[in-house]
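One structure below.
In this note's numbering, the protein residues as written are 330 to 459.
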């Protein structure tokens, strides 16, 4: 009887051990950051790191959700400007800008509502690629 319980226990453990899901490795974990900076204010904190000609950006904004708005919160998206020109818009709090030309660049992130109205939150930073 004891041997039967032990065998069932081992079988259950093996089944659960085999049910793990292999998640893909994110690109950011593979790259070593050459330059990492944090730009912070009461409204928004931006963490960015440069790897080659790719810029990894994370935005932390209290009260703003990049998915569906939570009760008491507001949904928004990020507009990224590079050297004064609108580069792209992102509906996630973290994103990667690839293939940036070599040189000194000024970046601005502006947070807007889903209807593109400014929420009055923006931050500038610079990076040298190359």
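A virtual CB, placed ideally from N, CA and C, is assigned to each residue, including glycine.
Looking at the unbroken beta strand (DSSP E) that takes in residue 376, where does it start and where does it end? Looking up residue 376 in the chain shown gives position 47. Note, residue 376: beta strand (DSSP E), 374 to 380.
Starting from the C-beta of residue 369, find all residues in its chain whose C-beta is less than 6 angstroms away, skip the five residues before and the five after it, and write them out in chain order. Along the chain shown, one-based indexing puts residue 369 at 40. Any answer about residue 369 is weak, because its pLDDT of 49 lies below 50 and its placement is not dependable; what the coordinates show is given next. The answer is none, since no qualifying residue turns up.
Going by C-alpha to C-alpha distance, which of 420, 411, 417 sits closest to residue 430? Translated into the one-based positions of the chain shown, residue 430 becomes position 101. Nearest option by C-alpha distance: 411.
Would you mind working out which of 444, 422, 333 sits nearest residue 391, comparing C-alpha positions? If you number the chain shown from 1, residue 391 lands on position 62. Of the candidates 444, 422, 333, the one whose C-alpha sits nearest the C-alpha of residue 391 is 422.
According to DSSP, is residue 334 helix, strand or coil? Within the chain shown, residue 334 is the residue found at index 5, counting from 1. Three-state result, residue 334: helix.
Cα-Cα separation between residue 437 and residue 452, rounded to whole angstroms: Here residue 437 corresponds to residue number 108 of the chain shown, with the count starting at 1. Here residue 452 corresponds to residue number 123 of the chain shown, with the count starting at 1. Their backbone Cα atoms lie some 6 angstroms apart in a straight line.
Leaving out the 5 sequence neighbours to the left and right, which residues in its chain are closer than 6 angstroms to residue 396 when beta-carbon positions are compared? Here residue 396 corresponds to residue number 67 of the chain shown, with the count starting at 1. Closer than 6 angstroms at the Cβ level, and outside the excluded window around residue 396, lies no residue.
State yes or no: is the beta carbon of residue 383 nearer than 8 angstroms to at least one beta carbon in chain B? The structure shown contains no chain B; it holds only a single protein chain.
How far does the beta strand (DSSP E) with residue 457 in it extend, from its first residue to its last? Numbered from 1 along the chain shown, position 128 holds the residue referred to as residue 457. Segment 447 to 458, the beta strand (DSSP E) holding residue 457.
Should residue 389 and residue 377 be called a contact, given that it needs their Cβ atoms to be closer than 8 angstroms? Residue 389 sits at position 60 when you count from the first residue of the chain shown. Residue 377 sits at position 48 when you count from the first residue of the chain shown. The answer is no: Cβ separation not under 8 angstroms.
Separation of residue 333 from residue 357, as counted between CA atoms: Mapped onto the chain shown, residue 357 falls at position 28. Mapped onto the chain shown, residue 333 falls at position 4. Note that residue 357 scores a pLDDT of 46, beneath 50, so its modelled location is shaky; the value from the coordinates is reported in the next line. Each residue's Cα considered, the two are about 48 angstroms apart.
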